[in-house]
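2 protein chains.
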Amino acid sequence: MLENKNQNKTSLAQLGEFGLINHITQNFPVQQKSTLKGIGDDAAVLDFKSKNVVVSTDLLVEGVHFDLSYMPLKHLGYKAVVVNLSDICAMNARPTQITVSIAVSNRFPLEAIEELYEGIRLACNSYKVDLIGGDTTSSTTGLLISVTALGVVKKEEIVYRSGAKENDLLVVTGDIGSAYMGLQVLEREKQVFLVNPNNQPDLEEYSYIIERQLKPEARTDIKELLEKLDVKPTAMIDVSDGISSEILHICKASNTGCNLYEEKLPLDPQFINVCEEFNLDSTTIAINGGEDYELLFTISMNDFEKIKANPHLTVIGHITAENEGTHLITRENTKLPLKARGWNALTE
Amino acid sequence: MLENKNQNKTSLAQLGEFGLINHITQNFPVQQKSTLKGIGDDAAVLDFKSKNVVVSTDLLVEGVHFDLSYMPLKHLGYKAVVVNLSDICAMNARPTQITVSIAVSNRFPLEAIEELYEGIRLACNSYKVDLIGGDTTSSTTGLLISVTALGVVKKEEIVYRSGAKENDLLVVTGDIGSAYMGLQVLEREKQVFLVNPNNQPDLEEYSYIIERQLKPEARTDIKELLEKLDVKPTAMIDVSDGISSEILHICKASNTGCNLYEEKLPLDPQFINVCEEFNLDSTTIAINGGEDYELLFTISMNDFEKIKANPHLTVIGHITAENEGTHLITRENTKLPLKARGWNALTE
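Order-wise, the sequence lines are chains A and B.
Residue 1 is where the first sequence starts when you use the UniProt record's numbering, and the numbers rise one by one after that.
Residue 1 is where the second sequence starts when you use the UniProt record's numbering, and the numbers rise one by one after that.
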């Protein structure tokens, strides 16, 4: 699909590295006051005044993290930015800048790279973050994207994974599991397409879960929401590998246990329907499926009244003493050990 | 050489992503006051007080930027850090933190990754920078390393590429061209080895140029040196692609021309000998060969007395008006147009 067979397309070798950088970065206006100098020198220059700076980085590899047969390049660019901004949000910080490096094989024409950067530009625009640097190089095989995100936060606002206390409530934003089931639908359609390329899929009834997979959003709104509600989380993490894995990270870092309640999990009706269609247990998928990019956090029980009516926030459990262990409490009130079966990039 | 044939070696899949991160980052103590939180949360947290922050990033791809048949993994790790610190130095800033992401195929056993991180650790230790984050993932083919470096600088100390003025002197640190010829020697030895694997190369007489290729250093010392000499460069860049390319970057960003003098180029005797041995023109190599990671900068002519006796600094030309063009003045006093024939990662 991406083979450069069309002789009208522009080859990357023709343009060269500096030409490519100039070309793809021309539509990236600076939007943050803290960006003194973006692309164009040996390094970007930033002025965060006396605020703290948070830094996070992610590497996305074709064939490991994404499949271009159903992931449009524009969506891929958007998602590559979002997953990094999500990490910044998980520190209770505000994302401000990103760098994006790509390694790309010669089978990609310039027009493909433009699509990718159009998605990156849309994300920068939507989240008001500046693209301040990067590197472009060839690769011997597929496409690889490395994004580093920076954000700012006042020191007293930072939320680490390690601050959860016994009796704190476990809260998640939005709903979970849908991104994973979106991927299952896309994988199925790919197999159908391979058998019969004329088969046009009707994905209407899967629109929500597919959007959750192809165009996730970072919860930059939650910091402001919690400030309005006058709630500061005691611990926070974003949901990239699945909430079971993320809860265990919080418990390990905070030296606590937890009880997670199956009946409390916020699930979208479309997600539940598709789990039934695939004969999959919705709870297993909801707690182990990754890539929702929601925020998972703990708050003091005293703050419950402040958040209980909020449609964005769901209390799904509570923190216990470390020696009580980490558990999932089923609808039948059975206590099961909570285990991380989330995604692992090294065992695929 | 790196195939995981030895069953005693530890596979990456056995260890898993979090296990690998924990394992390889355990020997990285925090050395910078500005690092409040390094590895272990969604993002690192940094406090630069009111100083400006500079950020640079580079992507190194096996088969494009390095060849593991003559690049030991420890050296590769060291070099991957150094090339990024060099960019920070080129802003007249002080490097403070790095993130390192790697994509690695399963043919690499854990022990290979340990070697790589041992080089990264040596560089962190030598330059007193903190490893504050990263990502590890599998790749479908070779090894890929993405490094982002951060540094601090007072606003009034920053040196951009764009500040060169007519009559400014063009200065380079150290000597140039050797890293490129080191690579030529290594490439030749590889060919010899492929023909006869029992042939043990004697590289004694090439030790300096090979070290320049395999273990370059970032000129973090130059900022301090120039402060002692009471000289602030008007423009600065580091020598990664070759000085002809770098000089043209400064001239373009500063809207100036330049005259570069062949007879002034600082060349190591070993470099000159090896150029003769390879029947290559030393000037062509010196101005177009990359990876020296020296600093190239311009200073006001009034500062000439302050730097002229310094063994680290060589005046190699001067800045002219833009309409005079960019030239190389040969030993025979011929004026040749200066062209960038430096390395281009996309045309290889």
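We put the beta carbon where it would ideally sit given N, CA and C, even for glycine.
The structure displayed is predicted, hence computed values, not measured ones.
| Asked | Found |
| --- | --- |
| Residue 221 of chain A, enclosing alpha helix (DSSP H) - first and last residue | 221-228 |
| Cutoff 8 Å: residue 2 of chain A Cβ touching any chain B Cβ | In this prediction, residue 2 of chain A has a pLDDT of 43, which is less than 50 and means its spatial position is unreliable; what the coordinates show is noted afterwards. Cβ-Cβ to chain B under 8 Å: no for residue 2 of chain A. |
| Chain A within 8 Å of residue 160 of chain B, Cβ atoms only | yes |
| Contact set for residue 255 of chain A: own chain, Cβ-Cβ below 7 Å, skip 5 residues either direction | 322 |
| Segments of 4+ residues assigned as alpha helix (DSSP H) that fall wholly inside the segment 180-254 of chain A | 207-214, 221-228, 243-254 |
| Outcome for residue 330 of chain B when other beta-carbon atoms lying within 10 angstroms are tallied against a minimum of 16 | exposed |
| Limits of the beta strand (DSSP E) - the one that residue 278 of chain A falls within | Per DSSP, residue 278 of chain A belongs to no beta strand (DSSP E) and is neither H nor E. |
| Whole-number beta carbon distance between residue 52 of chain B and residue 223 of chain B, since they are thought to touch under 8 Å | Not confirmed; about 14 Å, so no contact. |
| Cβ distance (whole Å) where residue 185 of chain A is taken to contact residue 210 of chain A below 8 Å | 6 Å |
| Where the segment 96-114 of chain A meets chain B: residues whose CB sits under 8 Å from a CB there | 97, 99, 101, 102, 103 |
| Proximity test, Cβ basis, 8 Å: residue 69 of chain A and chain B | no |
| Beta carbon of residue 55 of chain A nearer than 8 Å to that of residue 133 of chain B | yes |
| Backbone CA spacing between residue 226 of chain A and residue 122 of chain B [nearest angstrom] | 43 Å |
| Cβ neighbours of residue 188 of chain B in the same chain (closer than 8 Å, five flanking residues each side left out) | none |
| Listed by chain order, chain A residues near residue 44 of chain B by CB distance under 7 Å | 54, 55 |
| For residue 84 of chain B, the first and last residue of its enclosing alpha helix (DSSP H) | 73-89 |
| CA-to-CA distance, residue 103 of chain A to residue 38 of chain A, given in whole angstroms | 21 Å |
| Whole-angstrom distance between residue 277 of chain A and residue 191 of chain B, CA atom to CA atom | 59 Å |
| Cβ of residue 58 of chain B within 8 Å of any chain A Cβ | yes |
| Closer than 8 Å to chain B by CB, residue 297 of chain A | no |
| Span separating the alpha-carbon of residue 27 of chain A from that of residue 16 of chain B | 40 Å |
| Selection of the segment 222-239 of chain A by Cβ proximity to chain B, strictly under 7 Å | 237, 238 |
| Pairwise C-alpha distance: residue 272 of chain A and residue 156 of chain B | 59 Å |
| Short CB-CB distance (under 8 Å) between residue 254 of chain B and chain A | no |
| Beta-carbon gap between residue 293 of chain B and residue 240 of chain B smaller than 8 Å | yes |
| Within 8 Å, strictly: CB atoms of residue 165 of chain B and residue 220 of chain B | no |
| Reduced DSSP category for residue 318 of chain B - H, G, I as helix; E, B as strand; rest coil | strand |
| Residue range of the unbroken alpha helix (DSSP H) whose run includes residue 120 of chain B | 110-127 |
| Inter-residue spacing [alpha-carbon to alpha-carbon] between residue 215 of chain B and residue 274 of chain A | 55 Å |
| Proximal residues to residue 178 of chain B (C-beta, below 6 Å), its chain only, five neighbours per side dropped | 209, 212, 268, 271 |
| Residue nearest to residue 59 of chain A in terms of C-alpha spacing, selected from B:47, B:138, B:307, B:120 | B:138 |
| Residue range of the unbroken alpha helix (DSSP H) whose run includes residue 297 of chain B | Taken as a continuous stretch (DSSP letters only), residue 297 of chain B belongs to no alpha helix (DSSP H), being part of the beta strand (DSSP E) at 295-299. |
| Inter-residue Cα distance where the pair is residue 106 of chain A and residue 249 of chain B | 26 Å |
| Cα-Cα separation, residue 20 of chain A to residue 136 of chain A | 8 Å |
| Any chain E beta carbon closer than 8 Å to residue 171 of chain A | Given the protein chain composition of this structure (A and B), no chain E is represented. |
| Coarse secondary structure for residue 25 of chain B, derived from DSSP in three states | coil |
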